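Enquirer:
Structure, rendered in structure tokens:
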């Protein structure tokens, strides 16, 4: 497995942890919708990259 994919996987995990922490905050503290949208977009993109990489490497 390529080193860059491992790094993307670790970054993706960290991003999704940050998203979950942002969603757990009480509604008074959850005023930063932009931050949440940015984190979810980055998380979705990194997950998509990982999914494409894994499907390309499936050996039938």
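Residue numbers (the working numbering): 272 to 331. The beta-carbon is built from N, C-alpha and C at its ideal position, and this holds for glycine as well. Remember, it's a predicted structure, so these values are computed and weren't measured experimentally.
(1) Report the residue from 320, 296, 293 and 297 whose alpha carbon sits nearest the alpha carbon of residue 278.
(2) Could you please give the first and the last residue of the uninterrupted alpha helix (DSSP H) stretch that includes residue 303?
(3) Taking only three categories from DSSP, how would you classify residue 363?
(4) In angstroms with no decimal places, state the Cα-to-Cα distance between residue 275 and residue 325.
Expert: Judging by the given coordinates:
(1) Closest by alpha carbon: 320.
(2) Segment: none, residue 303 is in no alpha helix (DSSP H) and carries neither H nor E.
(3) Only positions 272 to 331 of the chain appear in this structure, which leaves residue 363 out of reach.
(4) Distance between the alpha carbons of residue 275 and residue 325 is about 13 Å.
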